[in-house]
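A.B. asks: I'd like to ask you about the structure that follows.
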Amino acid sequence: MNRDNVRGVTLIEMLVTLSILAILAGLAGPGMDLVRNEQVAGVAKELVADIQRQRLDAMTGNSGKGFGIRFEASGTYVRFRFDDCNDDYTYDADGCEGREEEGEAVKTVLPGTILLKKSDGSDFRNDVLIFDRRGTPRRNTWGFGNMTIIVNHASGMGVSKCIAVSMYRIRSGIWKWNDRSGRYDCFKD
4 MNRDNVRGVT LIEMLVTLSI LAILAGLAGP GMDLVRNEQV AGVAKELVAD IQRQRLDAMT
64 GNSGKGFGIR FEASGTYVRF RFDDCNDDYT YDADGCEGRE EEGEAVKTVL PGTILLKKSD
124 GSDFRNDVLI FDRRGTPRRN TWGFGNMTII VNHASGMGVS KCIAVSMYRI RSGIWKWNDR
184 SGRYDCFKD
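Counting in the working numbering, the final residue of the sequence shown is number 192, and the numbers go up one at a time with none missing.
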């Protein structure tokens, strides 16, 4: 009996094909994690640069009371010059009659896969960080404004980055669990 083997697939050919597919799938899994981590790191670097620029502009600029950043939502923020239209050293979201608190506003929209959160896990909704002429971070009521911003992927997977804005410096790091304190902290990269 002669059989024509041109139409069928042998068991060995099928096993070789499946093993090649398994190897490729194994390589693609860590690759996706790498893409997520690089995207988070890129957004964190961009945000640190924007915050540092606002601080530097506040210390070297001649107009307004300072420069700031207003976080509109978990993926959008606005850089602006703080004009303080009523000279009360308070950021008024509505502005003054016909005059705005925000001059030279520049809006930044992050990729949809990136989320910004506060260190307590809540979302940013019109939170404001203003730097005065000395470079001191202030909040909307002109009180001192230390802030920790968490940058993570919307999937919740991968590394989360943090940006700690304090009285004297702006630093970025990795947001992870601290066994000593029993809470999440911003660790140096």
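All C-beta atoms in this analysis are idealised placements derived from N, C-alpha and C, irrespective of residue type, glycine included.
If you follow the beta strand (DSSP E) that Asp188 is in, where does it begin and where does it stop?
C.D. replies: Here the question's residue 188 lines up with position 185 in the sequence shown. Note, Asp188: beta strand (DSSP E), Arg186 to Lys191.
A.B. asks: Would Ala47 pass as a contact of Ile173 if the rule is Cβ separation under 8 Å?
C.D. replies: One-based indexing of the sequence shown puts residue 47 at position 44. One-based indexing of the sequence shown puts residue 173 at position 170. Contact: no.
A.B. asks: With a threshold of 8 Å between beta carbons, is Gly161 in contact with chain D?
C.D. replies: As a matter of chain content, chain D is missing from the structure shown, which is built from one protein chain.
A.B. asks: Sort Glu105, Asp87, Tyr80 and Ser169 by Cα distance to Asp130 and report the nearest one.
C.D. replies: What you label residue 130 is simply residue 127 of the sequence shown in a count that begins at 1. Minimum Cα distance to Asp130 is reached at Tyr80.
A.B. asks: Measuring alpha carbon to alpha carbon, tell me which of Ser125, Asp36, Ala52 and Thr144 ends up nearest Ser158.
C.D. replies: Position 155 of the sequence shown, counting from 1, holds the residue named residue 158. Minimum Cα distance to Ser158 is reached at Asp36.
A.B. asks: Does the beta-carbon distance from Arg84 to Phe74 come in below 8 Å?
C.D. replies: In the sequence shown, residue 84 corresponds to position 81, counting from 1. In the sequence shown, residue 74 corresponds to position 71, counting from 1. Taking 8 Å as the Cβ cut-off, Arg84 and Phe74 do not qualify as a contacting pair.
A.B. asks: For Val109, collect the residues of the same chain with a Cβ closer than 8 Å to its Cβ; drop the 5 residues on either side in sequence, then sort them by chain order.
C.D. replies: To locate residue 109, count along the sequence shown from 1; it is residue 106. Taken in chain order, the residues that qualify are Val81, Arg82 and Phe83.
A.B. asks: Can you pull the DSSP bridge partners for Gly71?
C.D. replies: In the sequence shown, the residue the question calls residue 71 occupies position 68. Note: Gly71 sits in a beta bridge opposite Phe83 and Ile133.
A.B. asks: Just list the residues that DSSP pairs Glu105 with in beta bridges.
C.D. replies: Locating residue 105 in the sequence shown gives position 102, where the first residue counts as 1. In the DSSP output, where bridge partners are listed per residue, Glu105 has Phe85.
A.B. asks: Does the beta-carbon of Val154 have 16 or more other beta-carbons within 10 angstroms, so that it is buried, or is it exposed?
C.D. replies: Residue mapping note: residue 154 aligns to position 151 of the sequence shown, counting from 1. Result: buried.
A.B. asks: Does the distance from the CB of His156 to the CB of Thr111 come in under 8 Å?
C.D. replies: Mapped onto the sequence shown, residue 156 falls at position 153. Mapped onto the sequence shown, residue 111 falls at position 108. Not closer than 8 Å, so no.
A.B. asks: Taking the beta strand (DSSP E) that Ser125 belongs to, which residues open and close that run?
C.D. replies: Position 122 of the sequence shown, counted from the first residue, corresponds to residue 125. Per DSSP, Ser125 belongs to no beta strand (DSSP E) and is neither H nor E.
A.B. asks: Would you list the residues sitting across from Met150 in a DSSP beta bridge?
C.D. replies: Mapped onto the sequence shown, residue 150 falls at position 147. In DSSP, Met150 forms a bridge with Val168.
A.B. asks: Pull up the DSSP beta-bridge partners for Arg141, would you.
C.D. replies: Within the sequence shown, residue 141 is the residue found at index 138, counting from 1. Beta-bridge pairing links Arg141 to Ile133 and Phe147.
A.B. asks: How would you write the range of the beta strand (DSSP E) that Gly176 sits in, first residue to last?
C.D. replies: Position 173 of the sequence shown, counted from the first residue, corresponds to residue 176. Run containing Gly176: Ile173 to Asn181, per the beta strand (DSSP E) assignment.
A.B. asks: Would you report the Cα separation of Leu18 and Gly29, rounded to the nearest angstrom?
C.D. replies: Here residue 18 refers to the residue found at position 15 when the sequence shown is read from its first residue. Here residue 29 refers to the residue found at position 26 when the sequence shown is read from its first residue. Leu18 and Gly29: Cα-Cα distance of roughly 16 Å.
A.B. asks: Could you work out which residue in Gly148, Thr93, Lys179 and Arg58 is closest to Gly138 when comparing CA atoms only?
C.D. replies: As a first step, residue 138 is located in the sequence shown; it is residue number 135 there, counting from the start. Checking every option, the nearest Cα to that of Gly138 belongs to Arg58.
A.B. asks: If you draw a straight line from the C-alpha of Thr151 to the C-alpha of Phe127, how long is it?
C.D. replies: Taking the first residue of the sequence shown as position 1, residue 151 is located at position 148. Taking the first residue of the sequence shown as position 1, residue 127 is located at position 124. Cα to Cα, Thr151 sits roughly 11 Å from Phe127.
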